[in-house]
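Q: The structure follows.
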Ligand SMILES: Nc1ncnc2c1ncn2[C@@H]1O[C@H](COP(=O)(O)OP(=O)(O)O)[C@@H](O)[C@H]1O
Ligand SMILES: [Mg+2]
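Residue numbers (this note's numbering): 8 to 259.
Below you can see the structure in the form of structure tokens.
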């Protein structure tokens with residue numbers, strides 16, 4: 008469960024082509040990141056996958072079912088944590104589950120504690136820092152029953168230290184609760200640190216420029232960020248993105 012296939016997806020807004028014949032597959036249990044500059048259509052892709060908008064052309068297939076234009080079949084975590092301010096931490100964490108049936112409060116409490124938020128179960132979101140809110144939003148996404156989780160630049164508003172902590176936390180949780188994750192970001196370090204595979208988007212209209220399998224062993228920790236191997240990959244992705252923007256040939 009959680010296998011996604013996108014077939015030749017195209018979308019224009021007011022005659023401006025944003026996505027063009029975009030095709031990709033996400034394997035079950037994979038952590039796939041789509042890396043692209045701002046405005047390249049990453050959020051648009053998620054809105055299409057989530058059924059919030061319809062494509063001009065193309066299909067979205069989840070576990071062999073055509074889900075194009077259908078809502079509620081994937082778990083989606085937007086850029087802003089979007090917690091309901093009047094619901095407590097525990098009630099926010101259980102929201103996705105509640106919408107699809109009965110929530111398992113014991114499990115939600117356990118995950119909140121694992122997220123380092125013990126004691127905040129009955130607090131309102133206002134009492135939490137940005138990183139803490141993101142953790143609650145991510146727990147909500149994980150507790151939802153859908154097998155595919157789409158994360159739209161969830162850490163871009165956080166400072167570097169908090170972001171690194173969140174990356175390590177996310178990887179630990181993901182290792183335990185193995186789900187398929189489709190992640191979008193414009194941050195190369197983040198993409199390299201987290202992913203099994205990275206797809207680089209070109210800008211306007213977006214097509215797939217390059218695809219890379221990331222070989223770093225798991226579990227990954229912050230020491231990886233300073234290794235020669237990591238820096239080598241960073242140079243490679245930088246080149247891939249900036250060559251593309253300059254309109255030169257890219258290496259495959
Ligand atoms: N509902 C919409 N109406 C018109 N233009 C849109 C709409 N949604 C997105 N766009 C345009 O599509 C392009 C891609 O936007 P977006 O998907 O948000 O990019 P990203 O998430 O990669 O930064 C932008 O030029 C944006 O202005
Ligand atoms: Mg976006």
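Even glycine gets a Cβ: it sits at the ideal position worked out from N, Cα and C.
On a predicted model such as this, the values are computed, not experimentally measured, just so you know.
1) Based on the DSSP secondary-structure assignment, which residues constitute the bridge partners of residue 84?
2) Applying the 10 Å Cβ sphere with the 16-neighbour rule, what's the burial state of residue 197?
3) For residue 249, does the three-state DSSP call read helix, strand or coil?
4) Quick one: what's got a C-beta closer than 6 Å to residue 210's C-beta in the same chain, skipping five residues either side?
5) Measuring only the C-alpha atoms, how far is residue 33 from residue 10?
6) Compute every distance between the C-beta of residue 58 and the non-hydrogen atoms of ligand 1, then say whether any falls below 7 Å.
7) Rounding to the nearest angstrom, what Cα-Cα distance links residue 74 and residue 90 in this structure?
8) Just to confirm, are residue 227 and residue 218 a CB contact at a threshold of 8 Å?
9) If residue 67 sits next to residue 13, beta carbons under 8 Å apart, how far is it from one beta carbon to the other, in whole angstroms?
10) By Cβ distance, which residues of its chain are closer than 8 Å to residue 27, with the 5 residues on each side in sequence left out?
11) Take residue 150 and list the residues in its own chain whose beta-carbon comes closer than 8 Å to its own, dropping the five residues that flank it on each side.
12) If distances are taken between C-alpha atoms only, which option among 65, 155 and 172 comes closest to residue 141?
13) Does the contact criterion of 3 or more C-beta pairs under 8 Å hold for the segment 118 to 131 versus the segment 151 to 161?
14) Nearest by alpha-carbon distance to residue 208: which of 190, 225 and 224 is it?
15) Is there at least one non-hydrogen atom of ligand 2 closer than 7 Å to the beta-carbon of residue 197?
16) Less than 7 Å between C-beta atoms, sequence neighbours within five positions excluded: which residues of the same chain meet that for residue 3?
17) Could you have a look at residue 37 and say whether DSSP puts it in helix, strand or coil?
18) I need the straight-line Cα distance from residue 87 to residue 133, nearest angstrom please.
19) Can you give me the start and stop residues for the alpha helix (DSSP H) that residue 16 sits inside?
20) Quick one, are the C-beta atoms of residue 61 and residue 76 less than 8 Å apart?
21) Counting contacts by CB-CB distance shorter than 8 Å, is residue 56 in contact with chain B?
22) Please determine whether the Cβ atom of residue 20 lies at a distance below 7 Å from any heavy atom of ligand 1.
23) If the criterion is Cβ atoms closer than 8 Å, does the pair residue 187 and residue 160 meet it?
24) Quick check on residue 240: buried or exposed, where buried means 16 or more other Cβ atoms within 10 Å of its Cβ?
25) Using DSSP with H/G/I as helix, E/B as strand and the rest coil, what is residue 220?
26) Which same chain residues end up closer than 8 Å to residue 143 when comparing Cβ atoms and leaving out the 5 residues on each side of it in sequence?
27) Does the Cβ of residue 38 have 16 or more other Cβ atoms within 10 Å, making it buried, or fewer, making it exposed?
A: So, from the data block:
1) By 1-based counting over the chain shown, the position of residue 84 is 77. Answer by DSSP bridge pairing, in chain order: 158.
2) The sequence position of residue 197 within the chain shown is 190, counting from 1. Classification of residue 197: buried, given that the 10 Å Cβ count is 16 or more.
3) Within the chain shown, numbered from 1, the residue matching residue 249 stands at position 242. In the structure shown, residue 249 sits in a helix (DSSP, three-state: H, G or I).
4) As a working note, residue 210 is residue 203 in the chain shown. For residue 210, where only same-chain residues beyond five positions count, the Cβ hits under 6 Å are 44 and 47.
5) Here residue 33 refers to the residue found at position 26 of the chain shown. Here residue 10 refers to the residue found at position 3 of the chain shown. Each residue's alpha carbon lies about 6 Å from the other.
6) Locating residue 58 in the chain shown gives position 51, where the first residue counts as 1. Outside the cutoff, so no.
7) Your numbering for residue 74 matches position 67 in the chain shown. Your numbering for residue 90 matches position 83 in the chain shown. Roughly 26 Å separates the two Cα atoms.
8) The residue given as residue 227 occupies position 220 in the chain shown. The residue given as residue 218 occupies position 211 in the chain shown. No, these two residues do not count as a Cβ contact at 8 Å.
9) Within the chain shown, the letter at position 60 stands for residue 67. Within the chain shown, the letter at position 6 stands for residue 13. The beta carbons of residue 67 and residue 13 sit about 6 Å from each other, so the pair counts as a contact at 8 Å.
10) Your numbering for residue 27 matches position 20 in the chain shown. These residues qualify, in order along the chain: 17, 212, 213 and 214.
11) As a first step, residue 150 must be located in the chain shown, where it is residue number 143. Within the same chain, residue 150 has close Cβ partners 100, 101, 103, 104, 110, 111, 114, 115 and 118.
12) Residue 141 sits at position 134 when you count from the first residue of the chain shown. For residue 141, the nearest C-alpha among the options comes from 172.
13) no
14) Working through the chain shown from its first residue, we reach residue 208 at position 201. The shortest C-alpha separation from residue 208 is found at 190.
15) Residue 197 sits at position 190 when you count from the first residue of the chain shown. Residue 197 Cβ: outside cutoff for every heavy atom of ligand 2.
16) There is simply no residue 3 to check, as the chain begins at 8 and stops at 259 in what is shown.
17) Counting from 1 along the chain shown, the entry for residue 37 is found at position 30. Residue state, collapsed to three classes: coil.
18) Taking the chain shown and counting its residues from 1, one reaches residue 87 at position 80. Taking the chain shown and counting its residues from 1, one reaches residue 133 at position 126. Their backbone Cα atoms lie some 14 Å apart in a straight line.
19) Against the chain shown, residue 16 aligns to sequence position 9. First-last for residue 16: 11 to 20, but that is the beta strand (DSSP E), not the alpha helix (DSSP H).
20) Looking up residue 61 in the chain shown gives position 54. Looking up residue 76 in the chain shown gives position 69. Yes, these two residues count as a Cβ contact at 8 Å.
21) Here chain B cannot be found, since the structure has a single protein chain.
22) Counting from one through the chain shown, the residue named residue 20 turns up at place 13. Residue 20: yes, Cβ under 7 Å from ligand 1.
23) Counting from 1 along the chain shown, the entry for residue 187 is found at position 180. Counting from 1 along the chain shown, the entry for residue 160 is found at position 153. No.
24) To locate residue 240, count along the chain shown from 1; it is residue 233. Answer is buried; the Cβ neighbour count reaches 16.
25) Residue numbering aside, residue 220 sits at position 213 when the chain shown is read from its first letter. Residue 220: strand per DSSP, three-state reduction.
26) Within the chain shown, numbered from 1, the residue matching residue 143 stands at position 136. Contacts found: 88, 90, 96, 99, 100, 119, 122, 124, 132 and 135.
27) On the chain shown, position 31 is the one that residue 38 refers to. When all chains shown are included, residue 38 counts as buried.
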